[in-house]
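The sequence shown begins at 4 in our numbering and counts up by one.
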Amino acid sequence: MKKVLSLAAAGLLAAGAAQAGTLTVANSDIVLYGGVSAGYDWQDNDFTAVNSNNDNFRVNTFAIGLMKKADANSPIGFNAAFASFNVPTVVASTDVVNNGSGLLNAGTTTTFKPWLAYVTIAPVEGLSVDAGLLWAKYGEAPLTILNPHINRGALFVAFDPVLFAGARVNYDAGVAKVYVGYNQGGGLYFPYNLSNRDAVEAGALADLGMAKVGIHMYDESAGRNIYTLCAKTDLGVAKAGLQISYLKEDDAIQNNTTDDSSYGVALNVDPVVTDQISIPVRVEYVNTDAKNDDTYWTFTITPTYKPTKNTFVRAELSYVTADANMFVDVDDSTSTKDNRTTLGVEAGFLF
4 MKKVLSLAAA GLLAAGAAQA GTLTVANSDI VLYGGVSAGY DWQDNDFTAV
54 NSNNDNFRVN TFAIGLMKKA DANSPIGFNA AFASFNVPTV VASTDVVNNG
104 SGLLNAGTTT TFKPWLAYVT IAPVEGLSVD AGLLWAKYGE APLTILNPHI
154 NRGALFVAFD PVLFAGARVN YDAGVAKVYV GYNQGGGLYF PYNLSNRDAV
204 EAGALADLGM AKVGIHMYDE SAGRNIYTLC AKTDLGVAKA GLQISYLKED
254 DAIQNNTTDD SSYGVALNVD PVVTDQISIP VRVEYVNTDA KNDDTYWTFT
304 ITPTYKPTKN TFVRAELSYV TADANMFVDV DDSTSTKDNR TTLGVEAGFL
354 F
């Protein structure tokens, strides 16, 4: 398992923007946003044995943030969010993620603290600089309330670097938005028994009419090089999204027991049954860097009911099948398995 966590700054703001309140503080309009969710989950197997139960009731998310946009009249802004949350994934429970297994370099997600905090300087229209605790420009959000599914997917685990201290320059050229940044790592789990590596990121996003497309690069110093293509489109009867990620290891971290590359593909389809009912489906394929038994598939379906724009109730089934026995039986840690099934329900409120 090669991932920690991320929050999706744009996602958190966009999800709450329609319901966000405005505070007037020192003649500045500050946006308040956030959300709360709770749920129940069940699993048969897990990534490692952590002495957890098959089933658990949890407060999945409590998050609250404040934001002031930078613009021509006020060229300095900020965005900051405090949160306590769980990070369930299709390949490992939130108990594994938060069990001190080295999967999180930013701390335990259930610790209420800033998980996003940066200042924006916008000297001219179209150009901005963000500096502080940043989130990556692509991939799923770790907060369940910001995603169509309760569990994060396999590509979130393996290919999405998402939380790091650094700086990023953004430029809106009209036909495309581009960015480039430098950070001190720590967002993507580093499984090579070495310290985190500094990294550079770059990407471009464009609206091509029929689809919105993004290309992204994340390059660690003497570490991993990750290249990702993302595309999404609205077909009317359904929304669809595609992510393709490829990871290449630098010579400094290669060894004879694994290959020097891996890749993954994720397809997301969200059929809209009515204005209040949808049935998001996610299918993923991952080819890991293992020499043998190196692939696994995931399937997730999440029927969802939204009584209002900022509330939801949903149920979920996820299933993973792998070439290797990469899971252990929750009831018997000596028994390894090549598949994992999870069930869950969740209700949430965004503001």
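Here a beta-carbon is modelled for each residue, glycine too, at the ideal position from N, C-alpha and C.
With fewer than 16 neighbouring CB atoms inside 10 Å of its own CB, V240 falls in the exposed class. In this structure, DSSP gives F60 an extended state, which the three-state scheme calls strand. Shown here, A157 sits in a helix according to DSSP, grouped into three states. By the neighbour-count definition (other C-beta atoms within 10 Å, threshold 16), P283 is a buried residue.
The beta carbons of G347 and I148 sit about 14 Å from each other, so the pair does not count as a contact at 8 Å. Taking D58 as the centre and dropping the five residues before and after it, the same chain places the C-beta of W45 closer than 6 Å to its C-beta, in chain order. For D98, there is no enclosing beta strand (DSSP E); the enclosing alpha helix (DSSP H) covers residues T97 to V100. Taking a cut-off of 8 Å on C-beta distances, the segment 303 to 313 does not touch the segment 324 to 340, as fewer than three cross pairs fall below it. Assigned with DSSP and collapsed to three states, A125 falls in strand.
When beta bridges are read from the DSSP output, Y288 appears opposite V268 and W300.
A straight line joining the alpha-carbon of D332 with that of V216 spans about 40 Å.
If you compare the alpha carbons of L232, D278 and K309 with that of Y141, the shortest gap goes to L232. In the DSSP annotation of this structure, H152 is not part of any beta strand (DSSP E), being labelled neither H nor E. T291 places its beta carbon less than 8 Å from that of S265. L320 and T236 have their C-alpha atoms roughly 24 Å apart.
Under the Cβ criterion (8 Å, minimum of three pairs), the segment 110 to 127 does not count as touching the segment 177 to 185. For N82, the enclosing beta strand (DSSP E) covers residues I79 to F88. When only Cα atoms are considered, T112 and F65 end up about 11 Å apart. In this structure, N186 lies away from D133, with their beta-carbon atoms at least 8 Å apart. With a minimum length of 3 residues, the unbroken runs of beta strand (DSSP E) contained wholly in the segment 196 to 256 fall at 202 to 210, 215 to 223, 227 to 237 and 241 to 252. For F162, the secondary structure class from DSSP, reduced to helix, strand or coil, is helix. Per DSSP, reduced to three states, the secondary structure at I282 is coil, with no helix or strand assignment.
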